[in-house]
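Read the structure below first, then the notes.
Residue numbers (the UniProt record's numbering): 1 to 240.
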């Protein structure tokens, strides 16, 4: 099976790369570093091509920070590599991660599942607000689960060839942060699932995205946020 592990890492974040590499090497997991898109170095034209300001102002609580735009584009690059390299799937990691010793076994479980099943996107972490899930399929020592609403955070996930192809047919341009966008899975044409117990978490270090710009400092469109929350619940119910 053709599988790769991609580690997203900013060129200037050498310490993060070292810490992430130490964990992967300890677990004997080979990886390929993907140079992250530095949002602070994007030109106005590049931002305009990637970020749909009109949709953001109409449908989100705030416009994305430059760090969030760079983060989304870094994942887009990984999706493109899945297609270019003709991978069955890839594990996409961000460098502020903490890996569980069961991480290699999770990769093996997904490989086994892929032999006889189609899937799009599997979350390997739920680092922030804990999200409930429904049990779906037992995979060795893991369980594949469905979510009423997918967890936020993109520190670790598996993306199939089919999933990458579908995602790239819809994005970019984008207007939400990537983890929020994935919650609106019907708009992206994919199904987001999870593998539990989770095998990754985020470190205590402040993320590069937070260092570039703070989401909490942005002006919030509270009425838009409320409308979209109601819309999400109605749309999610109709797609179950």
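Note that the Cβ used here is the ideal one computed from N, Cα and C, for glycine as well. Here the structure is a predicted model, which is why all the values come from computation and not from measurement.
From residue i to residue j, what distance separates their C-alpha atoms?
i	j	result
residue 120	residue 25	27 Å
residue 71	residue 86	23 Å
residue 81	residue 65	25 Å
residue 30	residue 155	17 Å
residue 211	residue 69	Here residue 211 scores only 45 on pLDDT, less than 50, and its place in the model is too uncertain to base an answer on.
residue 237	residue 12	43 Å
residue 48	residue 175	11 Å
residue 95	residue 73	15 Å
residue 105	residue 165	26 Å
residue 188	residue 93	21 Å
residue 46	residue 138	43 Å
What first and last residue would you give for the alpha helix (DSSP H) that runs through residue i?
i	result
residue 220	Per DSSP, residue 220 belongs to no alpha helix (DSSP H) and is neither H nor E.
residue 91	Note, residue 91: premise wrong, no alpha helix (DSSP H); beta strand (DSSP E) at 89-94.
residue 191	First-last for residue 191: undefined, no H or E at that position.
residue 29	Counting along the chain, residue 29 falls outside any alpha helix (DSSP H), and DSSP gives it neither H nor E.
residue 74	66-84
residue 56	53-59
residue 182	178-183
Need the endpoints of the beta strand (DSSP E) that residue i sits in, please.
i	result
residue 154	Element bounds for residue 154: n/a, residue is neither H nor E.
residue 271	Because the chain is modelled from 1 through 240, residue 271 falls outside the range shown and cannot be assessed.
residue 6	3-9
residue 19	Premise fails: residue 19 lies in the alpha helix (DSSP H), 14-26, not in any beta strand (DSSP E).
residue 97	97-99
Which one of the options has the shortest CA to CA distance from residue i?
i	options	result
residue 204	9, 2, 186, 19	19
residue 169	79, 63, 142	79
residue 32	41, 6, 47, 14	6
residue 232	158, 182, 198, 51	182
residue 1	193, 166, 160, 38	160
Strictly by DSSP, which residues pair up with residue i?
i	result
residue 142	139
residue 171	None, per the DSSP bridge assignment.
residue 35	9
Check: At what residue ranges does the stretch 102-133 contain a whole run of the beta strand (DSSP E), taking only runs of 3 or more?
Finding: The stretch 102-133 contains, as complete beta strand (DSSP E) runs of 3+ residues, the segments 121-123 (chain order).
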